[in-house]
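In my numbering, the protein residues as written are 395 to 834.
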């Protein structure tokens, strides 16, 4: 066999081939399409919501801040609520319900004009959004089985592609800038929920739902070594080891706030780099996630690789924060080049985190209560979305370059703690880890 053929087989099928035949078969393929449609609507909302609330409903900046802040807090409850319900009801039906719930609330956004009316409506929208993401994760865990890391990579690629399409469509509406154009964009997001719900309805309930229901005092055998070293403590809220993982996973999600908030504000307020570079950060992130997520996911499959990926995440975040700290020095083009490098590093960190965090959340959860556990694990991202931006703007950037260095060192240190804690819980001692590596 020629060398090129060998390399091709080692790399495996490409992105498009795996999207056509993903882990989980037909149902997984339909779910990936539903996810892409949903995220297209999310791109419309993300790009237009603040301007809609400003120019159509005439809310002040302070009111919008409170509205989105409360909505973010409400979203935190969506993950554990979805996990608890998924232990009792079919995931497919619950996900359809989340899509329809958000359809109703988006229509209400169009008819509500006052702050008091919009507050509960937007809060419920965000709660449904977080619940839907947790249910999508549960669906993948059951449908893709041991190949869930590959499915997660495909879902990330599909989601980012959809988000990019939505943002691009929104740019056209924002260029028009009329009240009617803003309303059309909101309706487009609502329409995405209808299409996504129909697509999910075409799937079948993934197998394994029976073993997901927690049985007090019961035991479910671990699948092919999964769950070894995992100790149940009467559910996720009484399992200190798992709660420690969720707590440490919050700073492991800070790459999201650094990309969306830290990089743009640092560029504008503390560097001489051209402001036109701000959109480039999102472009770099979107393109790299779509292109590289599948190959990067192979580095986080299984307990050993997932634990090591957490360490690599810490290293990448430390390097990213170091670049941000030195971006204040030099001229405009030098600062711009440094910030683009920081955007590249934080994107690579996100690629590692997005798969390893999910893989560990699944591996660390006892199989007979996995739905409830994953619901609690989903809170870390929601909490970070609420606490991350204030942390960066009020503490890190206020401290100047030193703030970034401290943040990078802290995240890297916590990554070491997280990796070691996960290895202990999974029973991955040094001897076993070395033997596993030697066998590869």
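Positions of the beta carbon are idealized from the N, C-alpha and C atoms, including for glycine. Please read all numbers here as calculations on a predicted model, not as lab measurements.
Just the C-alpha distance for residue i and residue j, rounded to the nearest angstrom, thanks.
{"i": "residue 646", "j": "residue 710", "result": "11 angstroms"}
{"i": "residue 720", "j": "residue 479", "result": "48 angstroms"}
{"i": "residue 651", "j": "residue 775", "result": "10 angstroms"}
{"i": "residue 715", "j": "residue 591", "result": "40 angstroms"}
{"i": "residue 659", "j": "residue 599", "result": "44 angstroms"}
{"i": "residue 679", "j": "residue 738", "result": "7 angstroms"}
{"i": "residue 569", "j": "residue 562", "result": "11 angstroms"}
{"i": "residue 418", "j": "residue 528", "result": "18 angstroms"}
{"i": "residue 662", "j": "residue 420", "result": "46 angstroms"}
{"i": "residue 632", "j": "residue 767", "result": "11 angstroms"}
{"i": "residue 588", "j": "residue 514", "result": "22 angstroms"}
{"i": "residue 770", "j": "residue 723", "result": "42 angstroms"}
{"i": "residue 425", "j": "residue 553", "result": "11 angstroms"}
{"i": "residue 691", "j": "residue 697", "result": "13 angstroms"}
{"i": "residue 735", "j": "residue 668", "result": "15 angstroms"}
{"i": "residue 777", "j": "residue 573", "result": "33 angstroms"}
{"i": "residue 535", "j": "residue 759", "result": "12 angstroms"}
{"i": "residue 511", "j": "residue 451", "result": "11 angstroms"}
{"i": "residue 485", "j": "residue 467", "result": "24 angstroms"}
{"i": "residue 489", "j": "residue 695", "result": "26 angstroms"}
{"i": "residue 670", "j": "residue 740", "result": "19 angstroms"}
Around the C-beta of residue i, are 16 or more other C-beta atoms found within 10 angstroms, so that it is buried, or is it exposed?
{"i": "residue 748", "result": "buried"}
{"i": "residue 533", "result": "buried"}
{"i": "residue 617", "result": "Unreliable positioning characterises residue 617 in this predicted model, as indicated by a pLDDT of 36, which lies under 50. The coordinate reading is nonetheless provided below. Burial call: exposed."}
{"i": "residue 571", "result": "exposed"}
{"i": "residue 783", "result": "buried"}
{"i": "residue 751", "result": "buried"}
{"i": "residue 608", "result": "Interpretation of residue 608 is limited by its pLDDT of 34, a score under 50 that renders its predicted location unreliable; the figure taken from the coordinates is listed afterwards. Buried is the call here."}
{"i": "residue 546", "result": "buried"}
{"i": "residue 483", "result": "exposed"}
{"i": "residue 549", "result": "buried"}
{"i": "residue 454", "result": "exposed"}
{"i": "residue 835", "result": "Coverage of the chain is limited to positions 395 through 834, which leaves residue 835 absent and any answer about it impossible."}
{"i": "residue 456", "result": "exposed"}
{"i": "residue 415", "result": "exposed"}
{"i": "residue 643", "result": "buried"}
Residue i: which of the options sits nearest, CA to CA?
{"i": "residue 566", "options": "761, 740, 442 and 429", "result": "442"}
{"i": "residue 674", "options": "631, 598, 733 and 724", "result": "733"}
{"i": "residue 744", "options": "460, 470 and 676", "result": "676"}
{"i": "residue 517", "options": "460, 426, 805 and 483", "result": "460"}
{"i": "residue 576", "options": "641, 446 and 544", "result": "446"}
{"i": "residue 492", "options": "462, 595, 770 and 424", "result": "595"}
{"i": "residue 423", "options": "758, 641, 629 and 530", "result": "530"}
{"i": "residue 802", "options": "754, 819, 648 and 779", "result": "648"}
{"i": "residue 772", "options": "730, 630 and 509", "result": "630"}
{"i": "residue 717", "options": "671, 795 and 695", "result": "795"}
{"i": "residue 495", "options": "525, 729, 509 and 793", "result": "525"}
{"i": "residue 728", "options": "754, 713 and 665", "result": "665"}
{"i": "residue 579", "options": "444, 477 and 731", "result": "444"}
Taking Cβ positions only, does residue i come closer than 7 angstroms to chain C?
{"i": "residue 746", "result": "The structure shown contains no chain C, having only a single protein chain."}
Specify whether the segment 702-718 and the segment 804-814 touch according to this definition: at least 3 beta carbon pairs, one from each stretch, less than 8 angstroms apart. yes
Three or more C-beta pairs under 8 angstroms: does that hold for the segment 501-517 against the segment 780-791? no
Given 8 angstroms, three or more beta-carbon pairs between the segment 794-813 and the segment 676-688: no
Counting beta carbon pairs with one atom in the segment 427-440 and one in the segment 571-586, are three or more of them shorter than 8 angstroms? yes
Touch check for the segment 517-524 and the segment 465-473: three-plus C-beta pairs under 8 angstroms? yes
Between the segment 422-436 and the segment 547-563, do at least 3 Cβ pairs fall closer than 8 angstroms? A contact between stretches requires three or more CB pairs, one per stretch, nearer than 8 angstroms, and the segment 422-436 meets this requirement with the segment 547-563.
Does the segment 534-542 touch the segment 504-517, meaning 3 or more C-beta pairs lie closer than 8 angstroms? Counting Cβ pairs under 8 angstroms, fewer than three are found: no touch.
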